Structures are given as structure tokens and as C-alpha cells.
Amino acid sequence: MNLLDGKIVSQAVKVRLKTYTEERLLQGKKAPHLAAILIGNNGASETYVASKVKSCAEVGFVSTLIRLEESISEQELLFKLNELNEDFDVDGILVQLPLPKHISEQKVIETIHPSKDVDGFHPESVGRMVQGLPAFYPATPYGILLMLEHYNIETKGKHAVVIGRSNIVGRPISIMLNKNEYPGNCTVTVCHSHTHNLKEICLQADIIIAALGRPEFLKGDMVKEGAVIVDVGITRVPDGSKKSGFAIKGDVDFNDVAPKSSYITPVPGGVGPMTIAALMMNTFKACAAKD
Ligand code: NAD
């Protein structure tokens, strides 16, 4: 068993981006600028946005954190997004999800200008990705690709089973893994909550991407010997022994699955840091596209 270590790979990506950014500055060009919008006081969202802002500083990007009240109206938020769309200095915009119930996620996603859509959720970004055109890939699936690439994991002709079909993880990674270039060219099966025989399907997989949000769902008896396991899940489960009162669990029962796998991501320290590294890559690309 080998670890797919998201901390090491994300650090490598960030070192590369820091160098590129320094080169830009030496050439008299601007540093990439990410604007992040955080609404309300959701603990997990606070943590994610703080990591994104910290990562920007690490790679030499400018970041602007915009905190908005939970009670902000949809119209006010869309107005703010349009302001950021028109601000030439801002290269990438992200709105941390989930949103308060009274705000339409779809409207927010569609209001961000596609040239600043560093989360890769805009229908234009998704359409371009599906057609194999240059696009902003959604950060989590993009991070998974960067990790597979870093470890030279063979993907051509492999059977990849994706568990979950959300717009942010399962569906895009299934499309990205069957594109006609490395990392890709997999035969992909997408499983979801209505899939029958999930265990039998998983047992045929060379690569499993678990993205369903059910702690320790994937067990050792569902996995073929030598499979590559990517655990996307992040669930907070109550844990009295932790200062925070909770532990972070992935969708894979690590101790049960790891001995059978050839490569496996830990949680935490696997896909999570890669998501942020991928967001930084997208922000750099958004900036460079304006040169
Ligand atoms: P989601 O709830 O939007 O989608 C879950 C998907 O899993 C659905 O398509 C559903 O059909 C499927 N599913 C649910 N139960 C199932 C079952 N028993 N069998 C088969 N399929 C089942 O979730 P999401 O937003 O895609 O997130 C999935 C997990 O990944 C969550 O734990 C989330 O916190 C985590 N996540 C992590 C990162 C990261 O950076 N590491 C990023 C995004 C999401």
C-alpha cells in the first residue's frame, strides 16, 4: 500500500505556482487575485475559506475575503458578484457553499463571469469541460487528477468506479476520467444512491473514487486487490476525545481497505489539500489568460 499524500502533492503544486507568480512580478505583471465570499458563520465554511486565503498568501497571490451576513438578500449578493465581475484586478471569484436557503445556488453560480469561474461550476465551464475544450475544471476533481498525475498512476484502459454523481465531484470526475488524454482514458462506471449491486461493481474497479458523504462506507470486502482508492468524503462525526468535539471521517474505512489497495488517500490529508491547490491553479490560469 502506498499513500497518495495530498499534503506533499499540494505543496509541490504551490511551490510551482509561487515560482510562476514571482516570474510574473519580475516581468512587471500583476499577481493573481482571488476574491472569496463567505456568508454567515458556518464552522466548516470558515475553515475552508481560511485555508484558501492562507494558500493565496503562500503562493504570492492577492486575496480579498468578503464576509457577508447570513441575512443578505439574493439581489444584494448578485450585485456584489457583478461588481467583482467588473473589477479588472480580480481574476477569480469564489462563493463558499453552502448558501443560506433563501439564496439560489444556481443563480449565484451563473452570475459569476465564466472568465473568473475558478470553482468551475458555471454551466459554460462544465460545457467546455464536457467537450474537451480548455476550461476551469471544478477544484476537487481537478485536484484528484493532479494527484494521479503526480504519482504516475496508470489510468488508460482502467475501470474507474465513481460513487456519487454530484455536480461538484462525482459527475465531473467521471467525465474527466474518460477524456481522451492522461490522466483519463478510463472506462467509467458512475454509481449513486439508486445503484444496485454496488459491491459487485466496486469489486471490478481498478480505481475507486468514493464521493458519497457516508463515513467509512467503502469496506475491504468491496475492493479488488491492488485497486487505487481515492477518498473524497469529509464528514464531521461527534468525537468527545477531540478538543473540537468532532473527528473528520472519509467515505472509506481506511484501516480495512488500505491493506488491499495499491494506492490510497488518507482523510484528512488526501483530496482536501488537493482541492485548494487546484483552486490556486485555476486562479493562476484566470490571471494569465488576461495577459
Ligand atoms: P452530495 O451529497 O451532493 O452527493 C452525494 C452523492 O452520493 C449523490 O449523487 C448520491 O446519489 C450518492 N450516494 C449517496 N448515498 C449513496 C449510497 N449509499 N450509495 C451510492 N451512492 C450514494 O455530496 P458531494 O457534495 O458530492 O460530497 C460528497 C462527499 O465529499 C462529502 O462528504 C463532502 O463533504 C465531500 N467533499 C470533499 C471535498 C474535498 O475537498 N475533499 C470537496 C467536496 C466534497
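With the sequence shown counted from 1, adding 18 to any position gets you the numbering used here. We put the CB at the ideal spot given by N, CA and C, even for glycine. On a predicted model such as this, the values are computed, not experimentally measured, just so you know.
Check: When you measure from the CB of C74 to every non-hydrogen atom of the ligand NAD, does any distance come out below 8 Å?; Outcome: no
Check: Between which residues of its own chain and V77 is the CB-CB distance below 7 Å, once the five residues before and five after are set aside?; Outcome: K32, L35, K36, T39 and M298
Check: Would you verify that the beta carbon of M165 is, or is not, closer than 9 Å to some beta carbon of chain B?; Outcome: No chain B appears in this structure, which consists of one protein chain only.
Check: Using 9 Å as the threshold, is the C-beta distance between V136 and G161 below it?; Outcome: no
Check: At a cut-off of 8 Å, is G287 close to the ligand NAD when judged by its beta-carbon and the heavy atoms of the ligand?; Outcome: no
Check: Relative to the C-alpha of P152, which residue among S69, K125, M194 and G175 is closest?; Outcome: M194
Check: Look up G110 in the DSSP assignment and say whether it is helix, strand or coil.; Outcome: strand
Check: Using CA coordinates, which residue listed in A304, K237, D309 and P116 is at the minimum distance from A276?; Outcome: K237
Check: Please report how far the alpha carbon of A295 lies from the alpha carbon of P286, in whole angstroms.; Outcome: 15 Å
Check: Could you check how far apart the C-beta atoms of I90 and I57 are, in whole angstroms? I think they sit under 8 Å.; Outcome: 6 Å
Check: Looking only at its own chain, which residues have a Cβ that is under 6 Å from the Cβ of T129, when we skip the five neighbours before and after it?; Outcome: L96 and L99
Check: Candidates E243, A228 and G288: which alpha carbon is nearest D269's?; Outcome: A228
Check: Could you check if D269 belongs to the surroundings of the ligand NAD, using beta carbon to heavy atom distance under 8 Å?; Outcome: yes
Check: As a quick exercise: from D309, K308 and A304, pick the residue whose alpha carbon is nearest that of A53.; Outcome: A304
Check: Measuring CB to CB, does V180 end up less than 9 Å from T158?; Outcome: no
Check: Go through the residues and name those whose CB comes closer than 6 Å to any heavy atom of the ligand NAD, in chain order.; Outcome: T158, I181, G182, R183, S184, I186, V187, G188, C209, H210, S211, T213, L216, A229, L230, G231, R232, V250, G251, I252, T253, V289, G290 and T293
Check: Once DSSP output is grouped into helix, strand and coil, what is the label at I90?; Outcome: coil
Check: Alpha carbon to alpha carbon, how far is K176 from F302?; Outcome: 31 Å
Check: Measuring only the C-alpha atoms, how far is L117 from E123?; Outcome: 7 Å
Check: Could you tell me which residues DSSP puts in a beta bridge with I313?; Outcome: Here the chain comprises residues numbered 19 to 309, so residue 313 is not present and cannot be evaluated.
Check: Report buried or exposed for K134, applying the criterion of at least 16 other Cβ atoms within 10 angstroms of its Cβ.; Outcome: buried
Check: Which class does A265 belong to by DSSP, given the choice of helix, strand or coil?; Outcome: strand
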